[in-house]
Amino acid sequence: MTSRIERNNSSSDVVYLDANATEPLRPQAREALLEAADLTGNPSSVHRAGRKARALLEQARNTVAHYLDVAPLNCIFTSGGTEANVLAMRGLGQGRRFLIGRTEHDAVRKGAPEDAHVAWLDVDTNGQVQLEKLEQALAQEEAPAFVCLMLANNETGVLHPLDDVVLLCRKYGAHLHVDAVQAAGRLPLSVENSGIDSFACSGHKMGGPKGAGALLLRGPAPARLLPIFEGGGQEQGRRGGTPSLPAIAGLAAALGAALEQPRDLALLRNSIEQAAVAAGAKVFGADVPRLNNTVSLALPGKRAQAQLMRLDLDGICVSAGSACSSGKVAFSHVLEAMGAGDMAGQALRVSLPWNVTEQDIAHFIDSYTRMAQSPTAIGLVDSVV
């Protein structure tokens, strides 16, 4: 199976290189989804059909807990990564001041309680948090801190130095919440051994279906968590609403497949970077550890939207930053925080899916190189933007 997918249900297909927006569905996740979709019962019902659905729900919970090393009672299923992040911030952050990284996803940047005090954590030119400034913020004699730092950035793939962050948070009694939406399934992770206090992930970023995520909490016993809506008291009263069992089953299957059958995409990513740099592009975060599937490329003087349209005409799907802005293409707040200046509006994100092929990469390199070296083509696209 390759990363080529049908376009508009026609016979023509495209090269899909936007995995950080959503991964292609894994066969294991599809199978689990369909099995769960055939169950009629509500997991909260006490009759036979309900118990069968409950058993599948708890099987999925145990699977996620196993692969991410957390107590099953502290795995709370949600509708996705956004809800998991907001649930952590509003359910665990009451009475705390928030320290939020400037390169966080909007789900976190906008997730704090309305009355909370929020301070922003600066990053360096590679996109990593500045540890000395973090310690200065933690040392302030105010309310205890709630620190929000993603493990892997969704636009650049850059990894924060979380081991150092954990030590600082422990030193000052701060709660550390990590948005691991891009990292879960791509990196081996242990919630219990990491020192992270809360941890968010999302099924469709691993190759599962859309509509399911999880909030994981460190500790052997169920953690206290104020629900953002109570509903019928599901998830031990910590997240109301009937769980989307097919999506949750798919999440668990996708996570298992991703970690049991890992694929090192670094060589393919590096070949893209080398060709792009030779064509005049700049790579963001190249000097620090990153996800091996992600590269952020800027072509000076060429707007991101024009580049997107030009590549789309060649049947290539990439993105400019996050895919969660109602389809808009705007300046990247991530790259602005890294000091990119005007290039924050000239950058594309290329993120390789689990099933990408060498032919896909070759097609992208050929198309990108021609685009970079052909100002006429860019100008033609610019004229209709």
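Using the numbering used here, read the sequence shown as starting at 161 and increasing by one per residue. Even for Gly, the Cβ is constructed at its ideal location relative to N, Cα and C.
Which listed residue (the options) has its alpha carbon closest to that of residue i
i           : options               : result
residue 205 : 474, 183 and 402      : 402
residue 312 : 290, 254, 520 and 263 : 263
residue 409 : 183, 222, 184 and 176 : 222
residue 399 : 455, 240 and 492      : 240
residue 452 : 513, 374 and 217      : 513
residue 442 : 459, 450 and 195      : 459
residue 341 : 479, 277, 359 and 334 : 359
residue 371 : 465, 532 and 405      : 405
residue 195 : 500, 413 and 295      : 413
residue 381 : 232, 177 and 373      : 232
residue 501 : 508, 433, 491 and 438 : 491
residue 532 : 176, 273 and 436      : 436
residue 528 : 331, 450, 517 and 438 : 438
residue 355 : 526, 244 and 377      : 377
residue 394 : 181, 477, 519 and 237 : 237
residue 274 : 424, 257, 283 and 282 : 257
Limits of the alpha helix (DSSP H) - the one that residue i falls within
i           : result
residue 242 : 241 to 252
residue 103 : This structure does not reach residue 103, given that the chain is present from 161 up to 545, and the question cannot be answered.
residue 529 : 518 to 532
residue 292 : 291 to 299
residue 496 : 493 to 497
Opening and closing residue of the beta strand (DSSP E) in which residue i lies
i           : result
residue 238 : 235 to 238
residue 261 : 257 to 261
residue 509 : 507 to 511
residue 174 : 173 to 176
Counterpart residues of residue i in DSSP-defined beta bridges
i           : result
residue 268 : For residue 268, which the question treats as bridged, DSSP gives no partner whatsoever.
residue 308 : 260 and 337
residue 281 : 261
residue 319 : 312
residue 347 : 344
residue 360 : 339 and 375
residue 325 : None, per the DSSP bridge assignment.
residue 479 : 509
Proximity test, residue i beta-carbon vs the ligand NAP heavy atom, cut-off 7 Å
i           : result
residue 323 : This structure lacks the ligand NAP; in fact it carries no ligand of any kind.
Note down, one range per segment and in chain order, each beta strand (DSSP E) of at least 3 residues found wholly within the region 442 to 469. Entirely contained in the region 442 to 469, the beta strand (DSSP E) runs reaching 3 residues are, in chain order, 454 to 458.
Are there three or more Cβ pairs, one per stretch, closer than 8 Å when the region 376 to 391 is compared with the region 197 to 216? No, they do not touch.
What runs of the alpha helix (DSSP H), each 4 residues or longer, lie entirely inside the region 183 to 240? Complete alpha helix (DSSP H) runs here, min 4: 187 to 197 and 208 to 228.
If contact is defined by three or more beta carbon pairs under 8 Å, each pair taking one atom from either stretch, is the region 491 to 502 in contact with the region 250 to 268? The region 250 to 268 is in contact with the region 491 to 502.
If we require 4 or more residues per run, which alpha helix (DSSP H) segments fall completely within the region 366 to 431? Taken in chain order, the complete alpha helix (DSSP H) segments of 4 or more residues contained in the region 366 to 431 are 405 to 420.
Spell out a yes or no on whether the region 303 to 312 and the region 239 to 253 are touching, meaning 3 or more CB-CB pairs, one atom from each, closer than 8 Å. Touching, yes, given that three or more Cβ pairs across the two stretches are closer than 8 Å.
Assess, as a yes-or-no matter, whether the region 469 to 478 is touched by the region 414 to 432 under the definition of 3 or more beta carbon pairs within less than 8 Å. No contact exists between the region 414 to 432 and the region 469 to 478.
The region 318 to 329 in contact with the region 185 to 194 per 3-pair CB rule at 8 Å: No contact exists between the region 318 to 329 and the region 185 to 194.
Meets three-Cβ-pair contact criterion under 8 Å: the region 340 to 351 and the region 222 to 233: In short, these stretches touch, since the Cβ pair count reaches three.
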